[in-house]
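Enquirer:
2 protein chains.
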Amino acid sequence: MGFCFHVTHTDGRARAGVLRTLHGEILTPVFMPVGTQATVKAVPPRDLEELGAQIILANTYHLYLRPGDELIARHGGLHRFMSWPRPILTDSGGFQVFSLSEMRKIDDDGVTFKSHLDGSMHRFTPEKSIRIQENLGADVIMCFDECPPPTDREYNAIALARTHAWAVRCREAHTRTDQALFGIAQGGVFRDLREQSAQFLASLDFPGYAIGGLAVGEDKADMFRVISWMDDALPAHKPRYLMGVGEPADLIRAVQRGVDMADCVLPTRLARHGAAFTRNGRINMRNRAYAEDERPIEPECDCYTCRHFSRAYIRHLLQAGEILGLYLMSIHNIAFLLNLMREVRESIIRGCFATFAETWLRRYERAENPMHL
Amino acid sequence: MGFCFHVTHTDGRARAGVLRTLHGEILTPVFMPVGTQATVKAVPPRDLEELGAQIILANTYHLYLRPGDELIARHGGLHRFMSWPRPILTDSGGFQVFSLSEMRKIDDDGVTFKSHLDGSMHRFTPEKSIRIQENLGADVIMCFDECPPPTDREYNAIALARTHAWAVRCREAHTRTDQALFGIAQGGVFRDLREQSAQFLASLDFPGYAIGGLAVGEDKADMFRVISWMDDALPAHKPRYLMGVGEPADLIRAVQRGVDMADCVLPTRLARHGAAFTRNGRINMRNRAYAEDERPIEPECDCYTCRHFSRAYIRHLLQAGEILGLYLMSIHNIAFLLNLMREVRESIIRGCFATFAETWLRRYERAENPMHL
């Protein structure tokens, strides 16, 4: 199979590495923009390539419901369907089934749920999730897991047993040798459960491991504590993927704790809400203060948006409800995270990540009026 | 001043020419995409450049109301504000005042109207329209005119006198020598009024003339009759601009009657409604028939959309409400009209426009299930 991963440099607990797939090489740590419905919202794939996006994520739950994984398979898989030549990762559908579907019944065999689109009934099992992900044809696919609230110990213990049994079944159901199947460690905010999960999944020897069940509303301190435990518990030579994290400061702190990959809808979602990342914190581009501001969103940014357009113009587009505003904001916010992760990687390679992180975080978090959406 | 126009080839009544402005040369006949609020909806300016758009239109009424022409002037004018380096044409605001504003009072001096955005009261006079257009800084600007319903003879006679008096005032108010001010001929569907209008405006020796008051709901036969009269009546060595026409068959028939320039929101508006231009007529991309269609929208088209994406993918995006669907559709529809006008121009230069037009129209209008939006 075409998948392999090497840690090439370490700096503290932070790692720089290379992840190889049949659709190309990924330099880690890496941020993965999310293309839920086979499109990173508002951004054409050639623009993503220009920005240097190395891998994007797509959602199994959404694509299964619409347009259907079998249709995508008939069209040659997701890469061809959406005209994205580089690596793709699909999630298992588990998280969406638990968070989006209107009604669900979980048993040891799987989950029955109601589509959020039309109310139709569906059932996901570990085998079904893998079959869908094989139809979609991503380079990295995920085990089907249960995502309980992170602070409910009893539920986490029960769910963990199920997630582990499902991981075994996913591994057995998986047939495509051109895809890497990652395990997902759960266990909420409980160290023993997390360690048990890491140990169990490691025994199955997956080519990579996700840290699941975080960034769902728990305390940030809890989140980073769990990530640190996982750094100790997971095999060091396999990639670690932190699911659902995209706030710049969180990305840096995750990398400080041994994370190699992360994904989040944040850059495109914030764009649609009018918020832009800058090195001095988030700014709300709808703010009247920018009506006459001739500067780009971020003077230090080299993206298309910042090379060509003023804050005044972007604010005008947002105020006027123009789609181009969402496009320009999305481009910038994605560029911001991709550039940040490139700088993070460079500083790890040069052995100065600690200083980089400290300086960067101080500036980013010093912002006097940070806007939190 | 940097503006000049030369007819380089004729074929029947059709003309190929070159229009020079300070922001570049325009090869005619030309279709001008519309960027109402300083953006061609959903299309980044670099994509428009790639498509070969030579000149775009922006709307004085909209930009005056939001973000304000003075703000745009402070930011170096419209070209810089929207990052569009090529020529721009602004309309006078007249048509929008008559069609969009909620309430209006016309007198011989100007029009008082209520903003469609916030109900605030405003007044446009010929002098005000020119001052706004000078602030915006387009290469081609238009006289402020009154746009009566085309079949009301009495109203057209009264409005024409006003439009002519206003043309004189616009000419006097216009100070920027880097802009070409076009006159607008009115007169509804009445030959004597149209000829009177052409003659009066020609006496003012404008560098170009628009045919106004058409494509507002009158019979197509009436529209083409008026265009033919104007071809006879307007000075042959000046460019003729047909306002508000963008249906492909209409563009061809307009060029057959001596038109050099045309603009319309149709390609981007249709895109947002899910309709795509093809050489076999319009198709509704939301149609279930395209759910599994692996072909591009138009196999003969070389635009980004048609080079990379299937009808099935585009339909999926439209069904899922994804912005990328609007982008891809807009790109294609604009490319379609720009490519059409390039072919029209080539055939005029080669002296085979009549055959080209007949063949093209037969195929386009033969479509068995044309969709008319």
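Just so you know, the protein sequences line up as chains F and P, in that order.
Quick note: the first sequence uses my numbering, first residue 23, plus one each step.
Quick note: the second sequence uses my numbering, first residue 23, plus one each step.
Positions of the beta carbon are idealized from the N, C-alpha and C atoms, including for glycine.
(1) Under 9 Å, CB to CB, which of the residues in the stretch 257-281 of chain F have a partner in chain P?
(2) Quick check on the burial criterion: 16 or more other C-beta atoms within 10 angstroms. Buried or exposed for Gln221(F)?
(3) With His101(F) as the anchor, note down where its alpha helix (DSSP H) starts and where it stops.
(4) Closest by CA to Val133(P), which one among Glu149(P), Leu139(P) and Asp140(P)?
(5) May I ask you to report which of helix, strand or coil DSSP gives Ala342(F)?
(6) Excluding the 5 residues preceding and the 5 following Arg184(F) in the sequence, name in chain order all residues of the same chain whose CB lies nearer than 7 Å to its CB.
(7) By how many angstroms is the C-alpha of Ile274(P) removed from the C-alpha of Thr50(P)?
(8) Who are the near neighbours of Ala181(P) in its chain, counting only those whose CB is closer than 6 Å to its CB and skipping five residues on each side?
(9) Identify, in the order they occur along the chain, each residue of the same chain with its Cβ nearer than 8 Å to the Cβ of His186(P), setting aside the five sequence neighbours on each side.
(10) Count the other C-beta atoms from every protein chain shown that fall within 10 angstroms of the C-beta of Met265(P), then say buried if there are 16 or more, exposed otherwise.
(11) Contact defined as beta carbons within less than 8 Å: I believe Met164(F) pairs with Ser105(F). What is the distance between those atoms, to the nearest angstrom?
(12) Within 8 Å of any Cβ in chain P, is that where the Cβ of Ser137(F) sits?
(13) What is the DSSP secondary structure of Arg42(P), reduced to helix, strand or coil?
(14) Check whether the Cβ atoms of Gly303(P) and Ala179(P) sit closer than 8 Å, and answer yes or no.
(15) Mapping DSSP to helix, strand and coil, what is Gly205(F)?
(16) Can you check DSSP and say which residues form a bridge with Met164(P)?
(17) Do Gly34(P) and Ala255(P) count as a contact pair if the criterion is CB distance below 8 Å?
(18) From the DSSP output, which residues share a beta bridge with Ile110(P)?
(19) Between Thr43(F), Tyr312(F) and Thr32(F), which lies nearest to Pro229(F) when the distance is taken from Cα to Cα?
(20) Report back the beta-carbon spacing between Ala284(P) and Val267(P) to the nearest angstrom; my notes put them in contact at under 8 Å.
(21) Considering only the alpha carbon of each residue, which of Ala207(F), Asp315(F) and Ile48(F) lies closest to Arg367(F)?
(22) Measure from the alpha carbon of Pro270(P) to the alpha carbon of each residue in Gly159(P), Leu362(P) and Tyr326(P), then state which is nearest.
(23) What residue does the beta strand (DSSP E) around Ala232(F) start on, and which one ends it?
(24) Do you know how far the Cα of Ala64(P) is from the Cα of Thr290(F)?
(25) Ends of the beta strand (DSSP E) at Pro55(P)?
(26) For Leu346(P) and chain F, any beta-carbon pair shorter than 8 Å?
(27) Which term fits His354(F), buried or exposed, when burial requires 16 or more other beta carbons within 10 angstroms of its beta carbon?
(28) Taking Ile345(P) as the reference, which of Met54(F), Arg329(F), Gly39(F) and Pro67(F) has the closest Cα?
(29) Alpha carbon to alpha carbon, what distance is there between Tyr86(P) and Ile154(P)?
(30) Can you check whether the C-beta of Leu395(P) is within less than 8 Å of a C-beta belonging to chain F?
(31) Taking contact to mean at least 3 C-beta pairs separated by less than 8 Å, is the stretch 74-93 of chain P in contact with the stretch 317-325 of chain P?
(32) Can you find a C-beta in chain P that's less than 8 Å from the C-beta of Gln118(F)?
(33) With a 10 Å radius around its C-beta and 16 neighbouring C-beta atoms as the bar for buried, classify Ala357(P) as buried or exposed.
(34) Sorted by chain position, which residues of the same chain lie with C-beta nearer than 6 Å to Leu122(F)'s C-beta, five sequence neighbours on each side aside?
(35) Note down, one range per segment and in chain order, each beta strand (DSSP E) of at least 3 residues found wholly within the stretch 252-298 of chain F.
(36) Closest Cβ-Cβ distance between Ser452(P) and chain F: below 8 Å?
Expert: Answer, in terms of the structure:
(1) none
(2) By the beta-carbon neighbour count (other beta carbons within 10 angstroms, threshold 16), Gln221(F) is exposed.
(3) Leu100 to Met104
(4) Glu149(P)
(5) coil
(6) Asp130 and Glu168
(7) 13 Å
(8) Glu168 and Pro170
(9) Ser219, Phe222 and Leu223
(10) buried
(11) Incorrect: roughly 23 Å between the Cβ atoms, too far for contact.
(12) no
(13) strand
(14) Result no, Cβ atoms of Gly303(P) and Ala179(P) do not sit closer than 8 Å.
(15) strand
(16) Phe204(P)
(17) no
(18) Ile78(P)
(19) Thr43(F)
(20) Right, the Cβ-Cβ distance comes to about 5 Å (below 8 Å), so this counts as a contact.
(21) Ile48(F)
(22) That would be Leu362(P), whose Cα lies nearest to the Cα of Pro270(P).
(23) Tyr231 to Ile233
(24) Ala64(P) has its alpha-carbon roughly 16 Å from the corresponding atom of Thr290(F).
(25) Val52 to Pro55
(26) By the rule that beta-carbons nearer than 8 Å mark a contact, Leu346(P) touches chain F.
(27) Flag for His354(F) reads buried.
(28) Ranking Met54(F), Arg329(F), Gly39(F) and Pro67(F) by CA distance to the CA of Ile345(P) puts Pro67(F) first.
(29) 7 Å
(30) Caution applies to Leu395(P), whose pLDDT of 40 falls short of 50 and renders its modelled position unreliable; the model cannot decide the point.
(31) Cβ pair count under 8 Å is below three, so no.
(32) no
(33) buried
(34) His138
(35) With a minimum length of 3 residues, the continuous beta strand (DSSP E) runs that stay inside the stretch 252-298 of chain F are 262-264 and 283-286.
(36) Any answer about residue 452(P) is impossible in this case: the structure gives chain P only from 23 up to 395.
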